[in-house]
Amino acid sequence: MTMHLEVEQAHPLPLSGAFQCEPGELLALVGPSGAGKTSMLRVLAGLVRPHCGRVQVGDEVWCDTAAGIFVPPQQRHVGLVFQNYALMPHLSALDNVGLPLLHLPTAERQRQARRWLDQVRLSEAQQNRRPAGLSGGEQQRVAVARALAREPRVLLLDEPFSAVDQMNRQGLYRLLADLRRDMAIPIVLVTHDLHEAAMLADRLVVMDAGQVLQQGPPAAIHRAPRNARVADLVGIQNRFQGRWLGPCGQSGWGLLQWSAEATTAAPAGDVPPPPRLRVRDKGRIETGQSVHWVLTGDAVTLVDRPAQAGGEFAAVVTEARPLGDITLLALALQAVPGVVLRLTLSGPQRLRIEVGAALTVCLDLGLAHVMPVRGR
Amino acid sequence: MDWQALVLSLQLAGVTLLVLLPLGLWLGRWLAYTTFAGKAVIEALVVLPLVLPPTVLGYYLLVSMGGASPLGRWAAETLDLRLTFNFTGLVVASVIFNVPFIVQPVQRAFEAIPRQLTEAAAVSGLGWWPTWRRVELPLAWPGILSAMVLTFVHTMGEFGVVLMVGGSIPGETKTIAISIYDRVQAFDLAAADRMAWLLLVLSLGAVTMSFFASARLAARR
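Structure representation (C-alpha cells):
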C-alpha cells in the first residue's frame, strides 16, 4: 500500500510539494522549524484540509480537492504520534491505548491494549498509571502503542525523539526497526536532527519555507544536493564558491575556478591566481556562471607529503576541537585565502594534530558536486 | 423563617440551572474553540449582566417583557404566557442575568483543553460524541462544576433583578433574598438573621465544595 501525497497551497500557510512512501519504507521529513514538516503530517492525518492537494494510500483516496473528496481523520486509520504525545491526562496508559479500540467490547479492548503496551515493553504497573506518573520515554511508548492500536495504514511520527534522553532514544530506535520489520506500512518521520534522519530513514524529503526542495536517499542528497540551501539544510560543511570555466577537453569533465567569493573580476596584484579544479561536468552549467560546490567528508583526507598538483593543497590547522572519539578540524588553505575546509578525524592520526600545524590535504575532486547560483 | 421563600428560591435556582446549563455549555465551548471578527462583541454581551446594576438590568427586562411590550404581547397571545410578576418571568430574568456566571467558567475550561488532545481523539477514530464524553467533558468538568455552583448560589441570592421583574408575591416571586429585605423592613430582625445565616452557610458551603472538588480533580492528573 504505497502512500502518495501532493499539496499545493499559499494560504493560510505556504505548503507545496509531493512525495510518496512505500510499505515498510521509512521516510524522514527534514528541515528547520517552520519548514512545514508537521503541516505535511497534518495533511496526511486529515487534521488539515489543504487548499489544493491529493492523498492516496493504496487504492483509498483520502483527499482529492479536485474531486471534492475529503475523508475525515476518524475514518483514515492513521497512526499519529504527536510531538508532545497528546496523551489524555485523565486516562491510564491502558485506557489511552484503548481509545482507538472503543468499537470492541471492554474485555477484548483491554486485552488488545495490554498486548500493544506489552509490545512497547511497559510493565503492568506502568500500564495502569496515568501519563503524569510515567517518564518521558514511557509516555512516548504509550503514544506509539496508541498509534499502533489504531491498526494504521500509515504511521506518522512527529519529532518522536526530541523530548527523550539519549538512553531512551536507543530503545526507541530499536522499537522503530522492529515495527518496520513487522508492520510493512509506510512510516513518515518528522525530525530536525539530520544525523538521526540519515541513520533511520531510507529516504529524506528536505523541506524549507513550506516547500519540498529535494528528496532521495540520504547518501545521494549528501553527495549531490540540488542547491546551496539544501546543502546547508542537510548540514554539508564544505560548501564553497567558484566560477564554472566550462568543459576541459576530456569528455565528462570540466574546469572549476575555486575562489572565496563568487566574483568574476580578475584577482588583483600579488594575490596568487585562484586554483582551477578538474571536476565532473554534467553539462548543465553555462560557462562563466557563478557556482556553489560541495565536497562530502569522504572526499577529504590528510596526506604526509608536500602538496602535488591536481587536488592536493597545503593547509594550516586553524581550529582543532576534540569531541570524545573524534576531532573536528578547520583548515585554512594557502592557495585560496578566506576558505575554511572542515573535516572530522578519528584514529591515531588526530593525536598528532594541533592548531598551527602545517599539513597537506588531498581532495577527491571526482566527488565534488557543482550547483549553479540562482539569481533571486 | 420563611420556608415558602426558601423553597421558591431553590426551585428558581434549579430551573435556571436546568435551562442555562445546555445553553452555557454550547455557547462557552463555541466561544472557546472559534475565532471570528466580532467575537469580542459577543463576549462583551455575555459579561454585560455582570457589570450592569441589577436594577438597570431589571428595568430593561421589565420594560421589554411587560404586557405592553411587543415581546410581552406576543408571549401572551401565542403562548398564553405572562413574563412579569410571576415565576416564569423570574426564570427568564434569572437565565439572562446568570449568563456570565455559566458561560465564562465553561469557556475558560474548554480553552484549557490542549487542541492536540481533541486532535488525538479524532485520529484515534473518535467521533464527536465519544470525544465529548471521554475527553472534553472529563477535562472540562472542574470548570463546569464551578460554573454550576456559581450559577445556583448566585440565583439564590439575587435581589435587584428579581424585585424589579417579579415584585414580591408570596409563593410566586418572593424569594428568600426578598424575604430577608421584607423582614428587615418590618423590624423582624430575628427572622432576617436566621435566613441571612442560612444563605451565608449555603453559599460558603457550595463554593468551598466546588473548590475542593476542582482541586481533587486537578490532583488526579
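Quick mapping for you: the protein sequence lines, in order, are chains A and B.
Take any residue in the first sequence, note its place counting from 1, add 768, and you have its number in this note's numbering.
Numbering follows this note's numbering, in which position 187 of the second sequence is assigned residue number 168; successive positions increment by one, without gaps.
Backbone N, C-alpha and C fix where the C-beta goes; we use that ideal spot for every residue, glycine too.
Contact under 7 Å by Cβ, residue i with residue j
| i | j | result |
| --- | --- | --- |
| Val922(A) | Thr806(A) | no |
| Pro791(A) | Ala917(A) | no |
| Val104(B) | Val846(A) | yes |
| Val1085(A) | Ile1121(A) | yes |
| Ser191(B) | Val130(B) | yes |
| Pro1042(A) | Ser1027(A) | yes |
| Ala1136(A) | Val1068(A) | no |
| Ala965(A) | Val798(A) | yes |
| Val84(B) | Leu8(B) | yes |
| Val910(A) | Ala861(A) | yes |
| Ala803(A) | Met975(A) | yes |
| Asn67(B) | Glu153(B) | yes |
| Gly39(B) | Met145(B) | yes |
| Glu1080(A) | Ala1098(A) | no |
| Leu815(A) | Glu92(B) | no |
| Phe82(B) | His135(B) | yes |
| Val76(B) | Leu6(B) | no |
| Gln718(A) | Leu890(A) | In this structure chain A extends from 769 to 1144, so residue 718(A) is not present and cannot be described. |
| Ala172(B) | Arg164(B) | yes |
| Gln1005(A) | Arg1110(A) | yes |
| Thr112(B) | Ala128(B) | no |
Among the options, nearest to residue i - alpha-carbon criterion
| i | options | result |
| --- | --- | --- |
| Ala(-6)(B) | Pro34(B), Ala74(B) and Gly108(B) | Ala74(B) |
| Ala1083(A) | Pro1042(A), Thr1128(A) and Gly1065(A) | Thr1128(A) |
| Leu(-9)(B) | Phe133(B), Ala199(B) and Leu179(B) | Phe133(B) |
| Leu1013(A) | Gln1025(A), Gly804(A), Ala977(A) and Ser1019(A) | Gln1025(A) |
| Ile1094(A) | Gln934(A), Gly1115(A) and Ala1077(A) | Gly1115(A) |
| Gly148(B) | Leu98(B), Arg197(B) and Leu42(B) | Leu42(B) |
| Ala796(A) | Arg1110(A), Val980(A), Ala915(A) and Ala992(A) | Val980(A) |
| Pro841(A) | Val811(A), Asp946(A) and Leu1023(A) | Val811(A) |
| Gln788(A) | Leu972(A), Pro1040(A), Arg898(A) and Arg882(A) | Leu972(A) |
| Gly904(A) | Arg914(A), Ala915(A) and Pro928(A) | Pro928(A) |
| Asn852(A) | Ala56(B), Glu24(B), Pro95(B) and Trp55(B) | Pro95(B) |
| Ala1126(A) | Arg1073(A), Arg1089(A) and Thr1112(A) | Arg1073(A) |
| Met769(A) | Thr1064(A), Ile955(A), Leu1133(A) and Gly984(A) | Ile955(A) |
Simplified DSSP assignment, three categories, for residue i
| i | result |
| --- | --- |
| Leu98(B) | helix |
| Asp832(A) | strand |
| His963(A) | helix |
| Ala881(A) | helix |
| Arg909(A) | helix |
| Arg1011(A) | strand |
| Glu1122(A) | coil |
| Arg949(A) | helix |
| Met975(A) | strand |
| Arg63(B) | coil |
| His1060(A) | strand |
| Asp926(A) | strand |
| Gly1018(A) | Residue 1018(A) is actually Gln in this sequence, not Gly. In the structure shown, Gln1018(A) sits in coil (DSSP, three-state: anything other than H, G, I, E or B). |
| Phe133(B) | helix |
| His990(A) | helix |
| Thr1032(A) | Low confidence applies to Thr1032(A): its pLDDT is 49, below 50, so where it sits in the model is not reliable, and the reading given next is rough at best. Coil at Thr1032(A), not helix or strand. |
| Arg1144(A) | Caution applies to Arg1144(A), whose pLDDT of 43 falls short of 50 and renders its modelled position unreliable; the value that the coordinates give is listed next. Coil, per DSSP. |
| Val73(B) | helix |
| Glu9(B) | Sequence inspection shows Gly at residue 9(B); the Glu mentioned does not correspond to that position. Residue state, collapsed to three classes: helix. |
| Arg822(A) | strand |
| Glu1080(A) | strand |
| Pro81(B) | helix |
Neighbour flag for residue i against chain A, beta carbons, 7 Å
| i | result |
| --- | --- |
| Pro111(B) | yes |
| Gly124(B) | no |
| Pro3(B) | no |
| Pro119(B) | yes |
| Gly108(B) | yes |
| Ala194(B) | no |
Residue i at chain B interface by Cβ criterion, 7 Å
| i | result |
| --- | --- |
| Glu876(A) | no |
| Gln894(A) | no |
| Pro868(A) | yes |
| Ala813(A) | yes |
| Ala1136(A) | no |
| Val846(A) | yes |
| Gln887(A) | no |
| Pro954(A) | no |
Residues that residue i contacts on chain D, provided the C-beta gap is smaller than 7 Å
| i | result |
| --- | --- |
| Pro841(A) | As a matter of chain content, chain D is missing from the structure shown, whose protein chains are A and B. |
Going along the segment 848 to 864 of chain A in order, which residues come within less than 7 Å of chain B, judged by CB to CB distance?
Answer in chain order: Leu848, Phe850, Asn852, Ala854, Met856, Pro857 and His858.
Interfacial residues, the segment 87 to 103 of chain B to chain A, with Cβ spacing under 8 Å: Listed by position along the chain: Pro95, Gln97, Leu98, Glu100, Ala101, Ala102 and Ala103.
Anything in the segment 902 to 914 of chain A with a Cβ closer than 8 Å to a Cβ of chain B? List those residues in chain order, please.
-> Result list: Arg914.
Residues, ordered as in the chain, of the segment 918 to 929 of chain A that lie near chain B by beta-carbon distance below 7 Å: If the cut-off is 7 Å between Cβ atoms, the segment 918 to 929 of chain A has Arg918 near chain B.
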